[in-house]
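Student: Those letters in the sequence shown? Residues 0 to 264, per numbering that gives the first Met the number 0, in order. Backbone N, C-alpha and C define an ideal beta-carbon position, used for all residues, glycine too. I am attaching a structure below and will ask some questions about it afterwards.
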Amino acid sequence: MRWLLPVLLLALTACGAGSDDAGLTLPPVGAVVDYQLGGRYEPADDVDVVTRDKSSVPDPDRYSICYVNGFQTQPGGARDVFVVQHGVDLLLQDAAGDDVIDPGWPEETLFDIGTPEKRTELAEVVGDWIRTCANDGFDAVEVDNLDSWTRSQGLLDQGDAEAFAALLVEAAHDAGVPIGQKNAAELDGAALGFDFAVTEECAVYDECDVYTDMYGGHVIEIEYTDNGLEAFEEACADAAGDRSILLRDRDVVPDDDPAYVYEHC
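If you want it as structure tokens, here you go:
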């Protein structure tokens, strides 16, 4: 657990793992990654890295990344729980007092990161989630919806996202874990202190080079089946082994679901 045994560290190095300037162990370059946000299951024997939601548990035998929705509430009633625990003022609301919702995920309300004071309060909340990931034994965190300002009806801007992201980077490093930039190719995540990248559909949107220019091989690329197979196949032909590349069903369901799809190259 936690990759402390010398033999595991040697194996990690052999796979191309690296450490950043703070001595944090990053996900191995070109590792086989399984993305399990829709539910935990036993990975295949050749899997090196597993990503799971913060509500789950890390894989005890593999490098484990903790998914944290750092800029929006989660579906399934999490918005109401958040309000009970932290109040409604930390959620973004429009002029009519209604929640600003992610149109692609209608149960997710954006966090209000529009002022330094609210960013500080929210960084304590999300920082606690990050610290819990570290304490639970995860080796790294990825923080989703960095680009939520683009869905904020103009109430937030890129500077708000960058300022809040810097606070989350600090929280992760203080907790002793590296933190991954999730999407938002328009941001210089490396300058903000992110250590690696998790990118969805970068082959579809022709963005993969943006991430590899910032992070080298420390990039995990996820392509989805509802885009067809061409982007995944082209990425594998161009960059297999240079970065981690995998194909998943859009809802990343567990392996006992008929909709489950997982491939890697």
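Got a sec, what are the start and stop residues for the beta strand (DSSP E) D143 sits in?
Tutor: Per DSSP, D143 belongs to the beta strand (DSSP E) from 139-143.
Student: Touching or not, the segment 62-73 and the segment 42-50, by the rule of three or more beta carbon pairs under 8 Å?
Tutor: The answer is yes - the segment 42-50 touches the segment 62-73, with three or more Cβ pairs under 8 Å.
Student: Does the segment 220-236 come within contact of the segment 193-212, defined as at least 3 CB pairs closer than 8 Å?
Tutor: Contact holds: three or more Cβ-Cβ distances are below 8 Å.
Student: For G192, collect the residues of the same chain with a Cβ closer than 6 Å to its Cβ; drop the 5 residues on either side in sequence, then sort them by chain order.
Tutor: Answer for G192: V168, listed in chain order.
Student: Please say whether D111 and Q84 have beta carbons closer to each other than 9 Å?
Tutor: Cβ atoms of Q84 and D111: not closer than 9 Å.
Student: For G29 and T198, what's the separation of their Cα atoms in angstroms?
Tutor: Their Cα atoms are separated by approximately 14 Å.
Student: Span of the alpha helix (DSSP H) holding H217?
Tutor: Counting along the chain, H217 falls outside any alpha helix (DSSP H), and DSSP gives it neither H nor E.
Student: What do you get for L11, buried or exposed, if any count of 16 or more other CB atoms within 10 angstroms of its CB means buried?
Tutor: Caution is warranted here: a pLDDT of 36 is assigned to L11, below 50, making its placement in the model unreliable, and no coordinate value can be reported.
Student: Measuring straight from C-alpha to C-alpha, what distance separates D156 and A77?
Tutor: Distance between the alpha carbons of D156 and A77 is about 24 Å.
Student: Identify, in the order they occur along the chain, each residue of the same chain with its Cβ nearer than 6 Å to the Cβ of F137, setting aside the five sequence neighbours on each side.
Tutor: Closer than 6 Å at the Cβ level, and outside the excluded window around F137, lie P57, S63, C65.
Student: Counting Cβ pairs, one atom from each stretch, are 3 or more of them under 8 Å apart for the segment 123-137 and the segment 169-183?
Tutor: Judged by Cβ distances under 8 Å, the segment 123-137 makes contact with the segment 169-183, as three or more pairs qualify.
Student: Going by the DSSP bridge assignment, what does E262 pair with across the sheet?
Tutor: Answer is L246, bridged to E262.
Student: Exposed or buried, D194, counting other C-beta atoms within 10 Å across all chains shown (16 or more means buried)?
Tutor: With 16 or more other Cβ atoms within 10 Å, it is buried.
Student: In whole angstroms, give me the CA-to-CA distance for E107 and I100.
Tutor: Answer to the nearest angstrom: the Cα atoms are 6 Å apart.
Student: Would you mind listing the alpha helix (DSSP H) stretches within the segment 108-177 that are 4+ residues and don't spill past its ends, in chain order?
Tutor: The segment 108-177 contains these whole alpha helix (DSSP H) runs: 115-135, 157-174.
Student: Quick one: what does DSSP say V197 is sitting in, helix, strand or coil?
Tutor: Strand, per DSSP.
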